[in-house]
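Under mature numbering (1 follows the signal peptide of the UniProt record, and there is no 0), the letters of the sequence shown match residues -27 to -1, 1 to 155, in that order.
The next block holds one structure in the form of structure tokens; read it before the comments.
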Amino acid sequence: MVSSSPSVACIAVMSFMVLMSTTPSSAFILNKDICSNTKVLSRSFCSKFLGSNPVVIKSLLLSLAEATMDVASSNATKTSQLIIKWQNQTDDPQLKNAISLCLRPYSEAITDLKEAKEKVRSGDYVALQRAVVDASVKFHACEEKFEDTPPDPSPLCSTSGELAAISSILIAVSEFLVKSYK
């Protein structure tokens, strides 16, 4: 057991619950839905075991990282495929330019997320962290392209903001993995 097990447990359980809450049909509360249904173990033992066992916590964090990367990659790929369409739907030259300037960062961010997935699987958490930071910077760079433009009717700016936020979750998970599982 690691010395900071209460904080580790809290982060892991909260992260897992956040992940599960993104899919309402799969959402569950660890204590209520898992531990309350144990037949042999007491609820408090179950909660303590799941929340303080380093193997369980690491597994939850790795699952959270992979699932979050899958969502980010899927959203980024779909968005990247729509950028040209959105660019052709506007007559405003500023918007056209801002939208077109997002194509390359999106392509690079998708590559970064693929690399991050490889790094989480290989256990190279420092490289994982670097890759998700790079992806986040690229999504944020796209979002910034719209700061001095008229309102963009496409969802590109808001999608870029969401992907930057998802990337920040990945950064937090990767930082935790780097600190805890060197």
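Every residue gets a Cβ at the ideal spot worked out from N, C-alpha and C, and that includes glycine.
Note that the structure is a prediction, hence the values are computed from the model and not measured.
Counted within 10 angstroms of its Cβ, other Cβ atoms place Gly24 as buried (16 or more) or exposed = Gly24 should be labelled buried.
When we look at the beta-carbon of Asp6 and count the other beta-carbons within 10 Å, is it buried (16 or more) or exposed?
-> Only exposed fits Asp6, as fewer than 16 other CB atoms lie within 10 angstroms of its CB.
C-alpha distance - Ala137 paired with Thr63, whole-angstrom precision | Here the alpha carbons of Thr63 and Ala137 stand approximately 24 angstroms from one another.
Limits of the alpha helix (DSSP H) - the one that Ile72 falls within | Segment Pro66 to Ser73, the alpha helix (DSSP H) holding Ile72.
What is the residue span of the alpha helix (DSSP H) that Ile139 lies within?
-> Run containing Ile139: Leu129 to Ser153, per the alpha helix (DSSP H) assignment.
For Leu150 and Lys31, the rounded distance between their alpha carbons = CA-to-CA, the gap between Lys31 and Leu150 works out to about 8 angstroms.
Extent of the continuous alpha helix (DSSP H) run through Ile30 = For Ile30, the enclosing alpha helix (DSSP H) stretches over residues Pro27 to Asn61.
Alpha carbon to alpha carbon, how far is Gly134 from Ala40?
-> Taking C-alpha positions only, Gly134 is separated from Ala40 by approximately 19 angstroms.
Helix, strand or coil: how does DSSP classify Glu120 here?
-> When DSSP states are grouped into helix, strand and coil, Glu120 belongs to the coil group.
Considering Pro78, what are the terminal residues of the alpha helix (DSSP H) in which it resides?
-> In the DSSP assignment, Pro78 falls within the unbroken alpha helix (DSSP H) covering Leu76 to Ser95.
In whole angstroms, what is the alpha-carbon distance linking His113 and Ser20?
-> Cα to Cα, the separation comes out at about 38 angstroms.
Hey, how far is the Cα of Lys92 from the Cα of Tyr98?
-> Going by the C-alpha atoms only, they are around 7 angstroms apart.
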